[in-house]
Amino acid sequence: MRIPTLEDRLAVREKPASSPVMFQTWSNLLFLHWEIDVQEIAKRIPNRLSVDLHEGKTYLGLVPFFMKKVRPRFLPQMPGLSNFLELNIRAYVHDEQGRPGVWFFSLDCDQPIAVEVARKFFHLPYQHAKMSTQGSIYRCQRKNCEEKAVFDYEGSGKLRTAKPGSLEFFLLERYLLFSESRGGKIHCGKVQHSPYQFTEARVRKSSKAPLKWEKFSVENGPTSQLYSPGVPVSIHPLRPVG
88 MRIPTLEDRL AVREKPASSP VMFQTWSNLL FLHWEIDVQE IAKRIPNRLS
138 VDLHEGKTYL GLVPFFMKKV RPRFLPQMPG LSNFLELNIR AYVHDEQGRP
188 GVWFFSLDCD QPIAVEVARK FFHLPYQHAK MSTQGSIYRC QRKNCEEKAV
238 FDYEGSGKLR TAKPGSLEFF LLERYLLFSE SRGGKIHCGK VQHSPYQFTE
288 ARVRKSSKAP LKWEKFSVEN GPTSQLYSPG VPVSIHPLRP VG
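Written out as structure tokens, the structure is:
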């Protein structure tokens, strides 16, 4: 098992040879992260993936945001389908080649068609949810879950990019996602975008409910609270790992 180097982490930023299959814009992102025991993540990910570490520690992320201008490569944006809300619970992993990426435990979404497409073609654990926003307030309630999650947040400083090797770089600069199909095969997909412009987040209200939905328990407040206005993204096709 190869451990990612800083060079590996920078290399995944490079534009892939493949053509994108989809375009979208991620905006108004809140990144909440908690330090978590490595074994809590290790026991929940496929054997062919390993927990990615920053200075011996790993983190569990909760990220609410807006999905905008979503469209397949050869089609225009579609009213009612191209703009919706999403909230994901994520961990940081790498494969046997030392490629760092993201593992999603769940992705809540209020667009039913997007949920089904992502499940079928990207093997991602999307969940149906009732979601809404009003000003800086963001609400999410997963289908069949009683507890609601409410967030009230905004940026609170000068925007910057993450310094390579920093904790912010480890948490934000992720350009690969890993997923597992029903047959147990691991897939890897590239998400191409410019480095995040981010700042510290001013969080007036937050919720751990989405962590509870995934059976995670965290006692303290987040280790890191970051905000980004967002980035345009190109989505590339999944490839089998190994």
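Heads up, the sequence shown is in my numbering, so the first residue is 88 and it goes up one at a time. C-beta: ideal position from N, C-alpha, C; glycine also.
For the segment 125-209, the continuous beta strand (DSSP E) assignments of 3+ residues that do not extend past its boundaries occur at 145-159, 171-181 and 187-196, in sequence order.
Closest by C-alpha distance to R100, out of P327, V328, R326 and V320, is V320. For the beta strand (DSSP E) assignment, the uninterrupted runs of no fewer than 3 residues enclosed by the segment 255-313 are, from N- to C-terminal side, 263-267, 273-279 and 286-292. No Cβ-Cβ contact shorter than 8 Å links W190 with A205.
Collapsing the DSSP output to three states places A236 in a strand. In this chain, the alpha helix (DSSP H) harbouring A98 covers L93 to A98. Between the alpha carbons of S114 and K272 lies a gap of roughly 31 Å.
Sixteen is the threshold: since fewer than 16 other Cβ atoms of the shown chains lie within 10 Å of the Cβ of F161, the residue is exposed. Within its own chain, the residues whose Cβ lies closer than 8 Å to the Cβ of R186, once the five positions on either side in sequence are excluded, are P91, D95, V99, L263 and C275, listed in chain order. By the Cβ neighbour-count rule, D124 is exposed, with fewer than 16 other Cβ atoms within 10 Å of its own. For R229, the uninterrupted beta strand (DSSP E) run begins and ends at I224 to R229, by DSSP. Where M218 is concerned, the enclosing beta strand (DSSP E) starts and stops at Y213 to Q221. Three or more Cβ pairs closer than 8 Å define a contact, and the segment 165-174 meets that threshold against the segment 198-215.
Residue burial annotation: S293 is buried, with at least 16 other C-beta atoms found within 10 angstroms of its C-beta. Bounds of the beta strand (DSSP E) holding E122 are M109 to I123. In terms of Cα proximity to R289, the closest of P324, S268, W300 and Q312 is Q312. Non-local C-beta neighbours of P133 in its own chain, meaning closer than 7 Å and more than five positions away in sequence, comprise E267 and I273, ordered along the chain. Residue L117 holds the alpha-carbon nearest to the alpha-carbon of I224 among L117, S105 and M109.
Distance from the CA atom of Y240 to the CA atom of R89, rounded to whole angstroms, is 38 Å.
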